[in-house]
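Peer 1: In order, the protein sequences belong to chains P and Y.
If you use our numbering, the first sequence closes out at 447, no skipped numbers anywhere.
If you use our numbering, the second sequence closes out at 252, no skipped numbers anywhere.
Shown below is the structure under consideration.
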Amino acid sequence: MTVASNSIDLHKNFVEQFGIFEKELNGKSLTDFHQTRKKAIRSFEQLGMPDRKTENYKYTPITRLLKKQFNFDYASPGIPAISKAAISELLIKGLDAYNVVLINGRFSQELSNLDITLKGLEITDFKSAYESQPDLVGSYFAKYAEFDKDPFTALNTAFSLDGTFIKVKDNLVVDKPIVIYSIAESTAANWAVQPRNLIIAGKNSQASIIENYIHHGNEAAFTNTVSEIIVDENAYIDYYKLEIHGDNAYHVGNTQVYQAGKSTFNTTTISLAGSLIRNNLNVVLDDEHCEANMHGLYLLNDRQHVDNQTMVDHRKPHSYSNELYKGILGGNSTGVFNGKIYVRQDAQKTNAFQSNKNILLSDEASINTKPQLEIWADDVKCSHGATTGQLDKEQLFYLRSRGLGEQEARSLLLYAFAIDALENVKIDVLKEYIDHHISIRLNR
Amino acid sequence: MLSIKNLHASIEDKQILKGINLEVKPGEVHAIMGPNGSGKSTLASVLAGREDYEVTEGSIEFLGKDLLELEAEERAREGLFLAFQYPVEIPGVSSTNFLKTALNQIREHRGLDPLDAVSFLSLMKEKIKLVEIDKSLLNRSLNEGFSGGEKKRNEIFQMAMLEPRLAVLDETDSGLDIDALKVVANGVNTLKSKDNATIVVTHYQRLLDYIVPDFVHVLYNGKIVKSGPKELALELEEKGYDWIKEAEPIH
């Protein structure tokens, strides 16, 4: 285990770690797969760790936070012991689902619950997927998440070893939600973990996928995750990303979505817990009549920092995207929202909408919000808007004048503000689960 | 029930109320009339506990308690109700859930058990008839997208549900057509009892054809300048507010 402290150059440290990691691969370093890793580490070397001058990380001092906090261990990642009982406490209660459990980025066969009888549904660990189907996995892996653009995507790609592989066959409607519990277990030590997920939804298929990031233990954990999601023609995917458990968690996530024609991708990102969260959500609409709905909700307190970077790339005509992110920030928390919409020259008749709304509960809380529209087509409908305000005093008074206590009235109004960010949550049990955690948060 | 003595109130250092005296007993209906800017709505707001206003002098006693010591929600639980001149829209808050929460807060304060869903719904059914409010409105977010008349009816509906001891209607008649006005007035009249009282704040005499007051007070420049029986309202209507502007304040 190598300790990174202030005196160590993080960048150099990662590159050195890669050398150790490579040696442990025992002869597998000649595969195509590993060639990709090598390209990725070279990209990382060139990109370097972001600093305050890096445009995309301007408001998120991620390098500083990582330097202070973490030990890195990529070379010999053993799975720390975590009991079945402890896991069952972390599951979404009452949700009938295919459960994948990743402990520190490693797929746990024992803790996952994958009794798959449905023909055409494949849920396995990423590692055996690329060993048994190198051509298939190779044709998707790292083809969408661009490791030459973002240093964390480069890092994850360079160190990619395990995670989740999901493949839904053409025309298959998956009967239950698939939940990936990505647990950063840091009871005994600080951990930095890098799960890699690849999700392929075939033509006309349908599935709900929940990525539930959980920090378990008191020590700090840094998760750097990448999910590539391919939504083939006319497929319909509901995707949820939850960051609800664990106060001492540091999270950088890159969800890279590729949509073929007539496909739909609905996503809801919920950020309630964690010291630092950076969510990159990139959606590419690469053919006509695609639809992408991107919702997000972040409730922050204390010194939490959440940064949502979204990008939707309209490449072809007649597609639709709608984005709604809502935030409630209290304490000394800070938030960032950066929403990019690209409408390419070919993408006539595009409809693209974006909205980011925030409530600041304290004078010390702050939000940096930035819509960024780049439109090359001339026959499109695009709109964006951002608001930041306080709780409406008149509404508060109205509720109190009917007998509701101040705290109760505030919670009710905040909940009402937050709730439309949840309108894409279609699974009742999941909705109750999220609702429950929002209520706890708002009544705090 | 309500005893206002020498009430002075200001907003942002601007003195609005300059010595109001008013006594309201159970079973009474008082009308407070006055031209725009006379302080009518300020009086209603101060009674309900709106924090923007500062009481600089005087006292208000309500059912034996010092009203000015109570928070807005405590006043509501003690039995004070303000029908807002401009009820605010609250998207995302369901009318029904809100009202159930409010009612159960008030019941708890009165030492009563909370109403369960079934009893609450049957109470709602009963009161809906009273104000002829469209039931589907109550399935929507509170006041969201309601017309002016629907908002006012919803205020009276809430009043019917919460059964206050003292209701203050702040220009409930403004913006209502005559049919809506009759419905609102009918609601108020039906709820009237020997134990509760109503203060009707209005600019126009018209409402008082339907809600007949026991007393009429004329507010002008932050003071009650004239008080009298219901006929005073008619006199005002006839002579206009200029008539009272010359009148001497009463003490």
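Note that the Cβ used here is the ideal one computed from N, Cα and C, for glycine as well.
(1) Using a cut-off of 7 angstroms between C-beta atoms, extract the partners of residue 103 of chain Y located in chain P.
(2) Output, in sequence order along the chain, the residues in the region 413-425 of chain P whose CB is closer than 9 angstroms to any CB in chain Y.
(3) Looking at chain P, which residues of the region 83-96 of chain Y have a Cβ within less than 8 angstroms of any of its Cβ atoms?
(4) Report the residues of the region 69-84 of chain Y with a CB closer than 9 angstroms to any CB of chain P, ordered along the chain.
(5) Beta carbons nearer than 8 angstroms to chain P: which residues of the region 158-187 of chain Y have them?
(6) So that I know if they touch, is there some Cβ in chain P lying closer than 7 angstroms to that of residue 51 of chain Y?
(7) Could you check where the alpha helix (DSSP H) with residue 221 of chain Y kicks off and where it finishes?
(8) Please state if the CB of residue 229 of chain P and the CB of residue 199 of chain P are separated by a distance shorter than 7 angstroms.
(9) Classify residue 347 of chain P as helix, strand or coil using the three-state DSSP reduction.
(10) Applying the criterion that 16 or more other CB atoms from any shown protein chain within 10 Å of the CB defines a buried residue, is residue 194 of chain P buried or exposed?
(11) Which of the residues in the region 117-145 of chain Y, read from start to end, lie with their CB under 7 angstroms from any CB of chain P?
(12) Report the residue from P:418, P:433 and P:431 whose alpha carbon sits nearest the alpha carbon of residue 442 of chain P.
(13) Just to confirm my understanding: we take residue 265 of chain P, look at its own chain, exclude 5 residues before and 5 after, and list those with CB closer than 8 angstroms. What are they?
(14) Under a three-way DSSP split, which group does residue 187 of chain P fall into?
(15) List, in order along the chain, the chain P residues whose C-beta lies closer than 7 angstroms to that of residue 107 of chain Y?
(16) Under 9 angstroms Cβ-Cβ, which residues of chain Y neighbour residue 328 of chain P?
(17) Rounded to a whole number of angstroms, what is the C-alpha to C-alpha distance between residue 207 of chain Y and residue 427 of chain P?
(18) Got a sec: is the Cβ-Cβ distance from residue 49 of chain P to anything in chain Y below 7 angstroms?
(19) For residue 73 of chain Y versus residue 209 of chain Y, is the C-beta spacing smaller than 7 angstroms?
(20) Is residue 398 of chain P close to chain Y, meaning its C-beta is less than 7 angstroms from at least one C-beta of that chain?
(21) Assuming residue 319 of chain P and residue 354 of chain P are in contact, meaning their beta carbons sit under 8 angstroms apart, how far apart are those beta carbons, in whole angstroms?
(22) Mind listing, in chain order, the continuous alpha helix (DSSP H) runs of no fewer than 4 residues lying wholly within the region 143-189 of chain P?
(23) To the nearest angstrom, how far is it from the Cα of residue 190 of chain Y to the Cα of residue 184 of chain Y?
(24) What residue does the alpha helix (DSSP H) around residue 121 of chain Y start on, and which one ends it?
(25) Taking the alpha helix (DSSP H) that residue 162 of chain Y falls in, what are its first and last residues?
(26) If you drop the 5 nearest sequence neighbours on each side, which residues of the same chain put their C-beta closer than 8 angstroms to that of residue 275 of chain P?
(27) I need the DSSP call for residue 326 of chain P, collapsed to helix, strand or coil.
(28) Determine the extent of the beta strand (DSSP E) in which residue 373 of chain P is found, giving its start and end residues.
(29) Taking Cβ to Cβ, would you say residue 2 of chain P is nearer than 7 angstroms to residue 99 of chain P?
(30) Flag residue 364 of chain P as yes when its Cβ comes closer than 6 angstroms to any non-hydrogen atom of the ligand GDP, and as no otherwise.
(31) Could you work out which residue in P:60, P:115 and P:154 is closest to residue 51 of chain P when comparing CA atoms only?
(32) Between residue 21 of chain Y and residue 224 of chain Y, which are expected to be in contact by the criterion C-beta below 8 angstroms, what is the C-beta distance as a whole number of angstroms?
(33) By alpha-carbon positions, which one of P:423, P:328, P:288 and P:42 ends up nearest to residue 389 of chain P?
(34) Under the three-state reduction of DSSP, which class applies to residue 115 of chain P: helix, strand or coil?
(35) Determine the DSSP secondary structure at residue 238 of chain Y, reduced to helix, strand or coil.
(36) With a cut-off of 7 angstroms, does the C-beta of residue 301 of chain P fall near any C-beta of chain Y?
Peer 2: Checking against the coordinates, here is how it stands:
(1) The sequence position of residue 103 of chain Y within the second sequence is 102, counting from 1. Going along chain P in sequence order, the residues near residue 103 of chain Y (Cβ under 7 angstroms) are 405, 406 and 407.
(2) 415, 416, 418, 419, 420, 421, 422 and 423
(3) 83, 85, 88, 89, 91, 92, 93 and 94
(4) 72, 73, 74, 75, 76, 77, 78, 81, 82 and 83
(5) 159 and 163
(6) By 1-based counting over the second sequence, the position of residue 51 of chain Y is 50. Answer yes: the Cβ-Cβ gap between residue 51 of chain Y and chain P drops below 7 angstroms somewhere.
(7) For this step, residue 221 of chain Y is matched to residue 220 along the second sequence. Per DSSP, residue 221 of chain Y belongs to no alpha helix (DSSP H); it is in the beta strand (DSSP E), 216-221.
(8) Taking the first residue of the first sequence as 1, we reach residue 199 of chain P at position 196. Taking the first residue of the first sequence as 1, we reach residue 229 of chain P at position 226. Contact flag set, yes.
(9) Position 344 of the first sequence holds residue 347 of chain P. Three-state result, residue 347 of chain P: coil.
(10) Counting from 1 along the first sequence, the entry for residue 194 of chain P is found at position 191. Flag for residue 194 of chain P reads buried.
(11) none
(12) Against the first sequence, residue 442 of chain P aligns to sequence position 439. Closest option to residue 442 of chain P, Cα to Cα, is P:418.
(13) The residue you call residue 265 of chain P lines up with position 262 of the first sequence. So the qualifying residues of the chain are 236, 237, 290, 291, 292 and 293.
(14) By one-based count along the first sequence, residue 187 of chain P stands at place 184. Strand at residue 187 of chain P.
(15) Residue 107 of chain Y sits at position 106 when you count from the first residue of the second sequence. Under the 7 angstroms cutoff, chain P gives 406.
(16) Stepping through the first sequence from its first residue, residue 328 of chain P is reached at position 325. What residue 328 of chain P touches in chain Y: nothing, since even the nearest Cβ is about 16 angstroms away.
(17) Within the second sequence, the letter at position 206 stands for residue 207 of chain Y. Within the first sequence, the letter at position 424 stands for residue 427 of chain P. Straight-line Cα distance between these residues: approximately 49 angstroms.
(18) Working through the first sequence from its first residue, we reach residue 49 of chain P at position 46. Chain Y, which has no Cβ nearer than 7 angstroms to the Cβ of residue 49 of chain P, makes this no.
(19) If you number the second sequence from 1, residue 73 of chain Y lands on position 72. If you number the second sequence from 1, residue 209 of chain Y lands on position 208. No. Outside cutoff.
(20) Stepping through the first sequence from its first residue, residue 398 of chain P is reached at position 395. It does: the Cβ of residue 398 of chain P has a partner Cβ on chain Y nearer than 7 angstroms.
(21) Stepping through the first sequence from its first residue, residue 319 of chain P is reached at position 316. Stepping through the first sequence from its first residue, residue 354 of chain P is reached at position 351. The pair is not a contact, with the Cβ atoms about 13 angstroms apart (cut-off 8 angstroms).
(22) 154-161
(23) Position 189 of the second sequence, counting from 1, holds the residue named residue 190 of chain Y. Position 183 of the second sequence, counting from 1, holds the residue named residue 184 of chain Y. Distance between the alpha carbons of residue 190 of chain Y and residue 184 of chain Y: 10 angstroms.
(24) Indexing the second sequence from 1 puts residue 121 of chain Y at position 120. Residues 118-132.
(25) As a working note, residue 162 of chain Y is residue 161 in the second sequence. From DSSP, the alpha helix (DSSP H) with residue 162 of chain Y extends over 149-163.
(26) Walking along the first sequence from the start, residue 275 of chain P turns up at place 272. Excluding residues within five positions, the ones whose Cβ falls inside 8 angstroms are 246, 247, 301, 302, 440, 441 and 444.
(27) Within the first sequence, residue 326 of chain P is the residue found at index 323, counting from 1. In this structure, residue 326 of chain P counts as strand in the three-state DSSP scheme.
(28) For this step, residue 373 of chain P is matched to residue 370 along the first sequence. That run of the beta strand (DSSP E) goes 369-378.
(29) Past the boundaries of the shown model lies residue 2 of chain P; chain P is included only from 4 to 447, so the question cannot be answered.
(30) This structure lacks the ligand GDP, and indeed carries no ligand of any kind.
(31) Numbered from 1 along the first sequence, position 48 holds the residue referred to as residue 51 of chain P. Answer by Cα proximity: P:154.
(32) As a working mapping, residue 21 of chain Y is identified with position 20 in the second sequence. As a working mapping, residue 224 of chain Y is identified with position 223 in the second sequence. Correct: roughly 7 angstroms between the Cβ atoms.
(33) As a first step, residue 389 of chain P is located in the first sequence; it is residue number 386 there, counting from the start. That would be P:328, whose Cα lies nearest to the Cα of residue 389 of chain P.
(34) Within the first sequence, the letter at position 112 stands for residue 115 of chain P. It is coil, neither helix nor strand.
(35) Stepping through the second sequence from its first residue, residue 238 of chain Y is reached at position 237. Correct three-state label for residue 238 of chain Y: helix.
(36) Taking the first residue of the first sequence as 1, we reach residue 301 of chain P at position 298. Output row for residue 301 of chain P: interface = no.
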